[in-house]
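A quick write-up on the structure given underneath.
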Amino acid sequence: MSICRIMLFSLIFSLLLSCTKKESSVVVSRGYGEIDQVLKDSVSTVFNGKCYTIIHVDGRVVYERGFGGYDGNTRLLIASCSKWISAAVLMSLVDEGKIKLTDTIGKFLPVYTAYGKGNITIAQLFSHTSGFPGNSTQGYESNVLSTLSQCAEQVARNVDLAYQPGSTFYYGGLSMQIAGRICEVASGKSWKVLAAEKIFNPCGMTNTDYGMTANPQIAGGVRSTANDYIRFLDMLMNNGIAYTGKRVLSENAIALMEKGYTADAKVGYSPYPLALLNSRNFYGIGNWRDVTAENDNLVENTSPGLFGSHPWINRSKRLTGIIFTFVDKGFVKTTPTCLKIRALAR
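Numbering of the sequence shown is given in numbering that gives the first Met the number 0, commencing with residue 0 and proceeding in unit increments.
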């Protein structure tokens, strides 16, 4: 065979390999057949033909299936699923003693004191009870040409409080940008460096980041995979220890994340159907407290995203899971099915 023919054959073979999509692994453990059927029945109508679901119990895979070419390494923008991750970044600095949830904005960003907004606490910033509107009309929190420092400065000067701090729950991303800037000031590092050092690297989240901008959207800008996100959830379930054996967060930090901060707040706006929740103390630091038991003890929490991805933890079942998808404004469309799957998981 001539050299040219060998080279041509090698080229064709390489192209064929590159065009071949490896099938997603399929795991359907005993008791998970009903979940499998729900996904098969709904994937085309609810998830636009594409989703990937993985469920762990004590870190062990009990269910896994992808549809439409999605697998555990499919990388997507996860919108508000980011809030849970960002909360963990914040709590890593609480562990280090560099910030406290009771600290006020003015301690780190004096410009807020100058504009009469310095007494808002970090806990209020990350539980949507700061008094700021959910998002700014100017779009400061989503300006990719800005920096996080510039964003925080502009908010201080140009965005008025809509409510008395602590009085009202109003869901959004603006206040989390301010908290992100506080973390940068307290640590002397950029938010993206902090996220990589404190959460992504120790959890083995090798395909997760906040994009290219110097003004990362703390509340909704993470790009990730289901495999990475389930590692994050397993770390939380394992009381702060990653699958690598490295301690990422203290048990106290996780307890503070999962504590409720909305008991005394009226609801201004919530995208999540609060009628489905069994507690008025329904939001922690970056996560929804869906199911609570006696004495307000947390059973199940979540942080679903605008595009339909839906992660959750059930502590009573030692269960973590994520339904991973990308549907334009898919939260409303996918949530009922995601909640049904969660109820069936055992």
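For every residue, glycine included, the Cβ atom is placed at its ideal position computed from N, Cα and C. Values in this document were obtained by computation on a predicted structure and should not be read as measured data.
Assigned exposure category for Asn367 - 16 Cβ within 10 Å defines buried:
Here the chain has residues from 0 to 345 only, and residue 367 is not among them.
Measuring straight from C-alpha to C-alpha, what distance separates Leu318 and Tyr69?
22 Å
Express the C-alpha separation of Val37 and Val45 in angstroms, rounding to a whole number.
11 Å
Give every residue of the same chain whose Cβ lies closer than 7 Å to the Cβ of Leu297, excluding the five residues on either side of it in the sequence, and list them in chain order.
The residues are Glu257, Arg288, Thr291 and Arg314.
So the alpha helix (DSSP H) Val348 belongs to, where does it begin and stop?
In the structure as shown, the chain begins at 0 and stops at 345. Residue 348 is therefore absent and cannot be evaluated.
Going by DSSP, what residues sit across from Asn200 in a beta bridge?
DSSP output for Asn200 lists no bridge partner at all.
For a test of the three-state rule: what should DSSP assign to Pro109, helix, strand or coil?
Helix, per DSSP.
Does Val158 come out as helix, strand or coil in the three-state DSSP assignment?
coil
Where Pro335 falls: helix, strand or coil (DSSP):
Looking at Pro335 - three-state DSSP - the assignment turns out to be helix.
Contact belief for Thr261 with Asn280 at Cβ below 8 Å, rounded distance in angstroms:
Taking C-beta atoms under 8 Å as the contact rule, Thr261 and Asn280 qualify, at a distance of about 6 Å.
Minimum C-alpha distance to Gly220 - residue among Leu248, Asn300 and Gln176:
Gln176
Span separating the alpha-carbon of Thr120 from that of Lys99
9 Å
Helix, strand or coil for Asn294 per DSSP?
helix
Could you say which of Pro270, Leu108 and Ala225 lies nearest to Leu147 if we only look at CA atoms?
Leu108
Start and end of the beta strand (DSSP E) containing Cys50?
Cys50 to Val56
Anyone know if the C-beta pair for Val27 and Asp40 falls short of 7 Å?
no
If you drop the 5 nearest sequence neighbours on each side, which residues of the same chain put their C-beta closer than 7 Å to that of Tyr242?
Contacts found: Gly58, Gly203, Arg230 and Asp233.
Just curious, the beta strand (DSSP E) that Leu124 is in, first and last residue?
From DSSP, Leu124 is part of no beta strand (DSSP E) but of the alpha helix (DSSP H) over Ile121 to Phe125.
Where are the beta strand (DSSP E) runs, 3 residues long or more, that stay fully inside the region 128 to 178, in chain order?
Within the region 128 to 178, the beta strand (DSSP E) runs of at least 3 residues that lie entirely inside it are, in chain order, 167 to 169.
State the Cα-Cα distance for the pair Ser79 and Phe168, rounded to the nearest angstrom.
Spanning the two alpha carbons is a distance of roughly 16 Å.
Could you check what DSSP says for Asn280 in three-state terms: helix, strand or coil?
coil
To the nearest angstrom, how far is it from the Cα of Asn214 to the Cα of Gln153?
12 Å
Does DSSP classify Ser223 as helix, strand or coil?
strand
Measuring only the C-alpha atoms, how far is Asp208 from Ala195?
Going by C-alpha positions, Asp208 is about 8 Å away from Ala195.
In whole angstroms, give me the CA-to-CA distance for Leu16 and Asn72.
Its pLDDT being 33, under 50, Leu16 is placed unreliably in this model, and the value from its coordinates should be taken loosely. One C-alpha to the other measures close to 18 Å.
Residue environment, Asp327, which counts as buried when at least 16 other CB atoms sit within 10 Å
exposed
Tell me the DSSP secondary structure of Phe231 in three-state form.
helix
Suppose you measure from the CA of Phe131 to the CA of Lys106; what does that come to, to the nearest Å?
18 Å
Cβ-based neighbour list, Tyr162, same chain, cut-off 6 Å, excluding 5 preceding and 5 following:
Gly130
By the 10 Å Cβ neighbour count, where 16 or more other Cβ atoms means buried, how is Val42 classified, buried or exposed?
buried
Classify Val247 as buried or exposed, calling it buried when 16 or more other Cβ atoms lie within 10 Å of its own Cβ.
buried
Spatial neighbours of Leu275 in its chain, beta-carbon cut-off 8 Å, leaving aside the 5 residues before and after
Asp289 and Leu338
Verify whether the separation of the beta carbon atoms of Gly285 and Ala86 is less than 7 Å.
Yes, the Cβ-Cβ distance between Gly285 and Ala86 is below 7 Å.
Determine the direct distance from the alpha carbon of Gln137 to that of Thr205, and round the result to whole angstroms.
34 Å
In DSSP terms, what Ile322 is bridged to:
As a beta-bridge residue in DSSP terms, Ile322 pairs with Thr52 and His309.
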